[in-house]
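Residue numbers (this note's numbering), protein chains in the order written: chain L, 1 to 208; chain X, 1001 to 1208.
2 protein chains.
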Amino acid sequence: MAREEYHALRRRQVAEAVERLVAAHGLDGVTVAKTAAEAGVSVGLVQHYFASKDDLLRYAYTQLTERTLARAIEQAEELDRHRSRIQQALAHALAERLPLDEPRRAEWRVAFAFATRAVDNPNLAAVRNHTEAQIRARLAQAISNGKKCGEVRNHTDPDTQASRLLAHLDGLALHTYLDPTALPASAALAALHDYLSGIFPGRCRAHD
Amino acid sequence: MAREEYHALRRRQVAEAVERLVAAHGLDGVTVAKTAAEAGVSVGLVQHYFASKDDLLRYAYTQLTERTLARAIEQAEELDRHRSRIQQALAHALAERLPLDEPRRAEWRVAFAFATRAVDNPNLAAVRNHTEAQIRARLAQAISNGKKCGEVRNHTDPDTQASRLLAHLDGLALHTYLDPTALPASAALAALHDYLSGIFPGRCRAHD
DNA sequence: TTGGTTCTAATATGGACGTATTGTCAACGC
DNA sequence: GCGTTGACAATACGTCCATATTAGAACCAA
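As structure tokens, then:
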């Protein structure tokens, strides 16, 4: 294995340990020593691969956002290949972001922990805003496509609706996460579908 | 001043110092020593009035939620007295929860910090869920009133819509808070109004 | 072989923090 | 008057943490 590959691999191993710790005990529960133990390495190794704890957290967060974004894109493209309605494709892709079951709940927990810390941490904020901008752009593109296709009304503004959709999604996710009795996962999913129906009231006139 | 009053006053003074610290430096920035300094008292005093740091935070959070809830209710009742449309009254009351300007941003920051910590802290979670339930109930009541009045469609389910409305609101607040460039405060407010228009499409047939 | 990086580990350091302990002083009941 | 209790302050204690330091092992170059 090339030296560089090895380097990247090690960093990923440690970053994954961070994720597990955040999922289990929150961001406050992450310490360098615990991370090293979780990854089965020494503190020195962690220090060798990361200049500081902040550096470590930033890397872990970047890793996480890139992975989830890639998965969402893949989801959307998969459904696109099957010529589903845009609304359907979005519903599936966005549902990935809802804490519907335990694995997704854990992922959301980690992503959210980082997002909130990003408020006071410009490094993390940069990572978050970059990813969010990508997602928003893709959503806007999807809505724009919907207009050409006839699923979306002509006077709909893609950028505005994309922002609102994302906010709505995260609001549902937040509430389901914080108090699942008040907003059960199924209710959140139903709300997402209804909201999407509001943006995509029509039928696609034709596929190609 | 009665013994008990004095006691309550002291506790409030300290809790207010906690709020200022959270607003300025986040929940992580709150230490017992800093709280004492901010309140202009000694560490011993804080210890005297609060059994533990957790106790202190719980009290501060309770204080905060009660105050904001009372303000929202007052807002709504004020507008009710002026016989505004229910939609208008809700719009005003709910806008209080959006980080539209610096003071509200600071308040939201504090409330949000506690809400997120509530995930790992059953004590704080109890405080949060209790308040949220009250708000949801009032929203549902407002929507229900809207049905009787003709502002709301007959097939609308008040509880469901109240939950979704609250989630939407918090999603907007969250996004505006985390990245005001992506979702400016004005856009969040506009989104809230549009969303409310969806629930309240009609006109009130009559007042009394 | 020698010498120098790179990788990994163990341990040291210094600071921050929550809380316990102790002391002081005033008010109050007896 | 005198002990007791409540309000407050100062400081001590023990823990945890990020990071610095030091040391050794592995590998490659000269």
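We put the CB at the ideal spot given by N, CA and C, even for glycine.
Once the 5 residues before and after residue i are set aside, which same chain residues still bring their CB inside 6 Å of it?
i: X:ASP1208; result: The pLDDT assigned to X:ASP1208 is 44, lower than 50, so where the model puts this residue is not dependable; a value taken from the coordinates is nonetheless given after this. So no residue of the chain qualifies.
i: X:ALA1118; result: LEU1124, ALA1125, ARG1128
i: L:HIS82; result: none
i: L:LYS148; result: none
Is the beta carbon of residue i sitting closer than 7 Å to the one on residue j?
i: L:ALA23; j: L:LEU98; result: no
i: X:SER1144; j: X:PRO1122; result: no
i: X:TYR1195; j: X:HIS1168; result: yes
i: L:LEU139; j: L:ALA162; result: yes
i: X:LEU1183; j: X:THR1176; result: yes
i: L:ALA93; j: L:ALA72; result: yes
i: L:VAL14; j: L:ALA39; result: yes
i: L:GLN87; j: L:PHE200; result: yes
i: X:ASP1120; j: L:GLY146; result: no
i: L:TYR49; j: L:ARG11; result: yes
Under DSSP, the alpha helix (DSSP H) around residue i begins and ends at which residues?
i: L:VAL46; result: 43–49
i: L:ASN154; result: No alpha helix (DSSP H) holds L:ASN154; DSSP gives it neither H nor E.
i: X:ALA1188; result: 1185–1199
i: L:ALA182; result: Where L:ALA182 is concerned, there is no enclosing alpha helix (DSSP H), given that its DSSP letter is neither H nor E.
i: X:ARG1012; result: 1003–1025
i: L:THR35; result: 32–39
i: X:ASP1054; result: 1053–1081
What residues in its chain sit with their C-beta under 7 Å from that of residue i, if we drop five residues either side in the sequence?
i: X:VAL1110; result: GLU1019, VAL1022, ALA1023, LEU1064
i: X:ALA1089; result: ALA1076, LEU1079, ASP1080
i: L:TYR61; result: PHE114, LEU124, VAL127
i: L:GLY150; result: GLY202, ARG203, CYS204, ARG205
i: L:ALA33; result: VAL43
i: L:GLY198; result: none
i: L:VAL30; result: VAL18, LEU21, VAL22
i: X:LYS1053; result: VAL1032
i: L:THR131; result: THR65, LEU69
i: L:ALA190; result: none
i: X:ARG1085; result: GLU1151, CYS1204
i: L:THR181; result: none
To which residues of the same chain is residue i closer than 8 Å at the C-beta, ignoring the five residues directly before and after it?
i: L:LEU192; result: ALA91, LEU94, ALA95, LEU98, HIS168, LEU169, LEU172
i: L:ARG105; result: PRO99, TYR177
i: X:THR1035; result: VAL1014, ALA1017, VAL1018, LEU1021, VAL1046, LEU1056
i: X:THR1068; result: GLU1096, ARG1097, GLU1107, ALA1111
i: L:ARG136; result: ASP159, ALA162, SER163, LEU166
i: L:HIS7; result: TYR49
i: L:TYR59; result: ARG11, ALA15, PHE50
i: X:ARG1153; result: LYS1147, PRO1201, GLY1202
i: L:GLN141; result: PRO158
Does the beta carbon of residue i fall short of 6 Å from some heavy atom of the ligand SAH?
i: X:ALA1072; result: Among the ligands in the structure shown, none appear at all, so the ligand SAH cannot be discussed.
Near-chain L residues of the segment 1162–1173 of chain X (beta-carbon distance less than 9 Å), N- to C-terminal order: SER1163, ARG1164, LEU1166, ALA1167, HIS1168, LEU1169, ASP1170, GLY1171, LEU1172, ALA1173
Beta strand (DSSP E) runs contained entirely in the segment 89–146 of chain L, provided each spans 3 or more residues: none
Chain L contacts made by the segment 1094–1122 of chain X, where a contact means CB separation under 9 Å: ARG1109, PHE1112, ALA1113, ALA1115, THR1116, ARG1117, ALA1118, VAL1119, ASP1120
Near-chain X residues of the segment 123–135 of chain L (beta-carbon distance less than 9 Å), N- to C-terminal order: ALA125, ARG128, ASN129, GLU132, ALA133
Short-range partners of chain L found in the segment 1144–1158 of chain X, where Cβ spacing is below 9 Å: none
The segment 70–90 of chain L: positions lying closer than 9 Å to chain X by Cβ: none
Interfacial residues, the segment 1171–1201 of chain X to chain L, with Cβ spacing under 9 Å: GLY1171, LEU1172, ALA1173, LEU1174, HIS1175, THR1176, TYR1177, LEU1178, ASP1179, THR1181, ALA1182, LEU1183, ALA1187, ALA1188, ALA1190, ALA1191, ASP1194, TYR1195, GLY1198
Where the segment 1021–1037 of chain X meets chain L: residues whose CB sits under 8 Å from a CB there: HIS1025, GLY1026, ASP1028
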